[in-house]
Every structure is written in C-alpha cells, then in structure tokens.
Amino acid sequence: MKKITVFFACLLFTSATAFAFQATPIDYDALYKIKDEGLNNSQVMDIAWNLTDRIGPRLTGSEGLKRAYDWTSAEMKEWGLTNVKVEAWGEFGPGWGVKKSYLAMTAPYYQAMIGIPKAWTPGTNGEIEAEVIYVNIQNESDLAKYRGKLAGKVVMLPTTAAATTTFEPDARRFTDEQLEGMTSARVSNVDRSFSARRVSDFRRRAQLRNAAYQLFKDEGVKMVLATNRGGQGTFFTSNGARRDPNALPEMEISPEHFNRLVRLAVKGEPIRIEADTKTEFQRKDLKGYNVLGEIQGTDSKLKDEVVMLGAHLDSWFAGTGATDNAAGSAVMMEVMRILKDSKIPLKRTVRIALWSGEEQGLYGSRNYVQNTFMKNGQPNGEHEKFSAYYNMDNGTGAVRGIYLQSNEAVRPIFQEWFKAFDDMGASTVTIRNTGGTDHQAFDGIGLPGFQFIQDPIDYGTRTHHSNMDVFERLQAADLRKNAVIIATMVMQTANMDQKMPRKPKVFESLNRSR
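Under my numbering, the residue at position 305 of the sequence shown is numbered 306, and the numbers go up by one with no gaps.
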C-alpha cells in the first residue's frame, strides 16, 4: 500500500511577512563603484557582438553553441572567476544546423523567397525543381483527394498567418500608466483553463496535421513549405521536427511569399519552385551543457551560501539570437565582470549560469536545479544554502522593475532597493508571476527565482525567434543600465544578513509499506 507523506519545506522564512521582514538598506558606496564601472567602462556590447556577429546562431546541440561554451568559459577565466566549467546536465539528443539555404519561385516568374529550413529537418540532397501543390485539407476525408497526386511535388497546407499592414510602431516602452497598472494583483473572472471543447479542437487539429504529414511521406513529397507569423520581411521560426527522425525537407518562409503562392494556386496558376538546402545533424555528443562560474564569498559564515544569476545562451537560428538571448547572457556576464573588477566584497558566493535547452523546454535550468538542489524529490543541503536567482530573458529593453512571483515577503526588500534606480525609470515592483523562462526552474522547487520587467521594444513584434533577431536590434544604453541594476540586486542579496525569504513549498514523498 502507498502512503503519501506531505511535509512543508522552506519554513525558515515563512514566519516573515512582507511587513515584518527588515529590508537591507542600499550600500551606496558599492552602488557608486558599480555605476562607475558599468556605465563608464562597459563591455556589454562587446560581449554581445562576440555572441552574435562572431559566433552566430546557437541552437542547442549545434556547433555554434559549442563555440559559445568555449568563448564564454574562457572569458570568465580571463576575468578571474573561479569554478568555471562547462557542465553536462543530461542527454538532449542530436544537434542540428543549416549549411545552405536557397529557395525561389521559377514559374509563373522568378522570385527569390525569404525562408530557412525548419529546425531538425533534412536538406534536399542537392537542388530540386518541382511543382507546388496547395493541399487544402480541412478534415481527414479530404486526404483521399490527394492520394496518388503528390509524388515529387512541393506541398503547402492552409495557414491563418497574414502579413497585414500595421499602423502602430514595432517598438515601444512601457508608459507610467502601464507600469502603475502592473503593481496590482491580477484577479480575473475569466476561466482561462482549457475547456473540453478547446482540448478536443486542439487534438483534432494535431491529428489532422499528423495524418497529412504521413500522407506526404507515403506519397514521396519532395518538400513542405510552411509559414508562421511575421511580415515586412520578417518571419518567425518554430520548434520544427526534433521528435521526427523521418521528417521531410521543410522550409519556413515569410507570410507574404507563402500567401502569394497560395493565391496563385487557388487561381489555378501553375507554380514551380527550385530549392537547394543542406542541413547537418550533430550526433557525436548528445548531452546538453550549461556554463558556470563563481565569485567566491568573503564572509567566513556565509561564503557557503549562494546567490545565482543567469540567462539562456542558446538561441534560434534564422538570425543570430541577439535579443533572445545574447542580450541576457551579455548582461549577466557583464554583471559578473562589474562585481569582479569593482572589487566589492561579497559575503555570499555569487554564481552565474548560462543555460542551454531553454528554447526546447528549460532543459538546462530544470536539470541543473534537480541535480544541484534536490535528491530523490526532496530538498538537499544545497537547497538550504541557496538565497535567490535572478534571470534576464525579455529582450533588449531596459529593466523597469521586477516580478515577485507571488512572494509577498520580498516586496519591501525590492521596494527599498529599487529606490536607487527611480531616476533610471526602474521602480515597479509587482506581485504578479511571469513565465516562459529559466527562473521558473528555481521557483518550481521552492527557491526564490525572479525575472525583471523590461520594456518590450520590438521583441514581440520583430525579433523574438525571427530572422531579424540580430545585433542591430540591441539597445546599448538599455543593456548598460540593466547590468548596473542587476549587479546592484545581486550585490545586495549577497550581503544581506539573512537569505532571501521564500514562499512556503509543499513537497510530497511516497513511502511504500506492505
């Protein structure tokens, strides 16, 4: 019989409320040194240039990411960080990269087309030239119409992506009113959970798409063309075919070019394309890795405790992963350089982590926290010695404040610390949660993990996972300010009398008895 034992961990700070916990005042002498080093001697854009223009795309498992491991770890050693290592977190699977990408329409006239092979799909094995067929499948009964008609063709499926004209600017900053609105807790009457009907519709669409792709394989289709959101020369990539070892050659192209092909096909115009793509699978090393480095704590009683900061080093591949997430990696590396070069005493050890596998599911950070802070599903001794983790992964925009991840006890701490940056426009402290990145790995095991509020700039409209995520989209002044603000938060956390307060966390263990 299974007996479920439930116990509460992280009790050290549960008695501390947002009103009872004493915030640590800002160390203005240290802040002066941080500002001087970070604003007058910044290296953040040089770090970002190395990660983007010089190293290039950094898809997890790729040669580009391996080059990033080598360069970032070498830089950390050069700066004098300790315990620098490229550490395996577990098995990821084959890596993948693009070696050649060419696509053009040749009939009814010639037009070079904007696109790139979809991730983890094979190349064309030389140049192909073929007719394009629009496969209008709305339900499984439509599949029969195309059997025996697709061999040697290039196919397209229906899409809802439309490249419409926009009358709003791509880039924006948060207004004072928007930031003020974030400070309140968000409680909605809307049920955001998936209804049975929504789940059924999602499954039906997935099953239909899988059935269509199986038909394409059975028929001997030469290539699949797809599109995602985008417009005005920008297209956005997706997760591709990492779980399909028998995938067909496939390219994601700009919505304007895809929809032109659809319109021509619907009107009955014969369409032909030529393509030549080459992709490469890396199967020699199937592990995933994180890059780690430390500044050792100086206090004899607190140096074994840890404050962490990090960002994901992996990127997508249509651009050079500038805003997602060379920006975050460059800022966090610059934070370590600032703290090291300014020679500010840090009572606790400060550890940086540059994660991989974030884009495929937070693999690097989730495996790291399980390997480091947990054992058999329970917190270990390192869990107890941990203070807080800070993450940057919302693009190039300026830090405007911080998400508390529902940790009410830390509110007075951050309200006090952000007073020093009111003149930089960073003072918003919100109880709200935010997701989609590596701080969730820490929050998920009861450790304080925080993500910063950042100006969106053109992250969602132009750069996130797109072919336009390149060095030119980085905002140098914002990245310098971000490094100064985050370095201050890390310094303050490292020098607190106590560790950062935690939310109560329930862990469950299964004890088997007969």
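Where a beta carbon is used, it is the ideal one built from N, C-alpha and C, also for glycine.
Fill in: Coarse secondary structure for F415, derived from DSSP in three states
In the structure shown, the three-state DSSP call for F415 is helix.
Item to complete: Under 7 Å Cβ to Cβ from N397, same chain only, skipping five residues before and after it: list those, please.
Response: According to the sequence as given, residue 397 is Thr; it is not Asn. Only T324, A328, I458, R474, L475, Q476, D479 and L480 meet the Cβ criterion.
Worksheet entry | Pairwise C-alpha distance: G322 and E64 | Going by C-alpha positions, E64 is about 14 Å away from G322.
Item to complete: Could you please give me the residues that DSSP links to G491 through a beta bridge?
Response: Residue identity check: residue 491 is Val in the sequence provided, not Gly. Residue pairing for V491: DSSP places it in no beta bridge.
Item to complete: With distances taken Cα to Cα, identify the nearest neighbour of L249 among I27, T125, V99 and D424.
Response: Residue nearest to L249 within the set I27, T125, V99 and D424 is T125 (criterion: CA-CA distance).
Discussion item. Can you look up G426 in the DSSP assignment and give me helix, strand or coil?
Written reply: DSSP places G426 in coil when its eight states are reduced to three.
Worksheet entry | Residues bridged to T350 (per DSSP) | Bridge pairing for T350: V307 [DSSP].
Worksheet entry | CB-CB length for I27 against A421, believed under 8 Å | Right, the Cβ-Cβ distance comes to about 5 Å (below 8 Å), so this counts as a contact.
Item to complete: Take the Cβ of V462 as the centre, count every other Cβ of all protein chains shown within 10 Å, and call the residue buried at 16 or more, exposed below.
Response: At residue 462 the sequence reads Thr, which differs from the Val that was named. T462 is classed as buried because its beta carbon has at least 16 other beta carbons within 10 Å across all chains shown.
Worksheet item: So the alpha helix (DSSP H) A37 belongs to, where does it begin and stop?
Response: This sequence places Asp at residue 37; Ala is not what is there. Y29 to N41 is the span of the alpha helix (DSSP H), which, as asked, contains D37.
Worksheet item: Which class does Y460 belong to by DSSP, given the choice of helix, strand or coil?
Response: Residue state, collapsed to three classes: helix.
Discussion item. Let me check one thing: in DSSP terms, what residues is V87 bridge-paired to?
Written reply: In DSSP, V87 forms a bridge with V292.
Item to complete: Examine the Cβ distances between the region 37-53 and the region 297-313 and report whether three or more of them are shorter than 8 Å.
Response: Taking 8 Å as the limit for Cβ pairs, the verdict is that the region 297-313 does not touch the region 37-53.
Worksheet entry | For E409 and I432, believed in contact at Cβ under 8 Å, the rounded distance | With a beta-carbon spacing of about 6 Å, I432 and E409 fall inside the 8 Å limit used to define contacts.
Worksheet item: Going by Cα to Cα distance, which pick from L209, I486 and Y29 is closest to D143?
Response: If we check each option's Cα against that of D143, L209 comes out closest.
Worksheet item: In this structure, does DSSP put A421 in helix, strand or coil?
Response: DSSP places A421 in helix when its eight states are reduced to three.
Worksheet item: Looking at C-alpha atoms only, which residue of K36, N468 and I129 is the closest neighbour of Y103?
Response: Comparing Cα positions, the closest option is I129.
Discussion item. Quick check: T438 and E359, are their CB atoms within less than 9 Å of each other?
Written reply: T438 is a Cβ neighbour of E359, given a cutoff of 9 Å.
Fill in: Closest by C-alpha distance to L66, when choosing among I254, G96 and G81
Looking at the Cα atoms, G96 is the closest of the given residues.
Practice prompt. Could you pull the start and end residues of the beta strand (DSSP E) that D277 belongs to?
Written response: Per DSSP, D277 belongs to the beta strand (DSSP E) from R273 to Q283.
Practice prompt. Consult DSSP for A312 and reduce its assignment to one of helix, strand or coil.
Written response: Secondary structure of A312 (DSSP, three-state): strand.
Practice prompt. With DSSP as the reference, label G232 as helix, strand or coil.
Written response: Collapsing the DSSP output to three states places G232 in a strand.
Fill in: Whole-angstrom distance between I35 and L347, CA atom to CA atom
So the two alpha carbons sit approximately 13 Å from each other.
Worksheet entry | 8 Å CB neighbourhood of Y561 in its chain, flanking five on each side removed | The first residue shown for the chain is 2 and the last is 515, placing residue 561 beyond what the model contains.
Discussion item. Starting from N260, trace the alpha helix (DSSP H) in both directions and tell me its first and last residue.
Written reply: P256 to V267 is the extent of the alpha helix (DSSP H) around N260.
Practice prompt. Check each candidate in Y290, I414 and N392 and name the one with the smallest Cα separation from G62.
Written response: The shortest Cα separation from G62 among Y290, I414 and N392 belongs to Y290.
Worksheet item: To which residues of the same chain is K285 closer than 6 Å at the C-beta, ignoring the five residues directly before and after it?
Response: Nothing listed; no residue qualifies.
Worksheet item: With distances taken from CA atoms, which of I56, E79 and S407 is nearest R68?
Response: Taking only the C-alpha atoms, the option nearest R68 is I56.
Discussion item. Quick test of your reading: W90 and G311, contact by CB under 8 Å. State the CB separation rounded to the nearest angstrom.
Written reply: Contact between W90 and G311 does not hold, since their C-beta atoms are separated by about 13 Å, which reaches or exceeds 8 Å.
Worksheet item: Can you give the Cα-Cα distance for T373 and S74, rounded to whole angstroms?
Response: Those two C-alpha atoms are separated by around 20 Å.
Item to complete: To the nearest angstrom, report how far apart K500 and Y369 are at their CA atoms.
Response: Rounded to whole angstroms, K500 to Y369 spans 21 Å at the Cα level.
Fill in: Rounded C-alpha distance that separates G450 from K279
When rounded, the separation of the alpha-carbon atoms in G450 and K279 is 41 Å.
Worksheet entry | K86 versus L355: straight-line alpha-carbon distance, rounded | Between K86 and L355, the C-alpha separation is close to 11 Å.
Worksheet item: Apart from the five residues on each side of it in sequence, which residues of its chain come closer than 7 Å, Cβ to Cβ, to A488?
Response: Taken in chain order, the residues that qualify are I35, G39, V336, I339 and L340.
Discussion item. Based on DSSP bridge pairs, tell me the residues matched to I134.
Written reply: Bridge partners of I134: V156.
Item to complete: Give the DSSP bridge partners of A108, in chain order.
Response: DSSP lists R273 as partners of A108.
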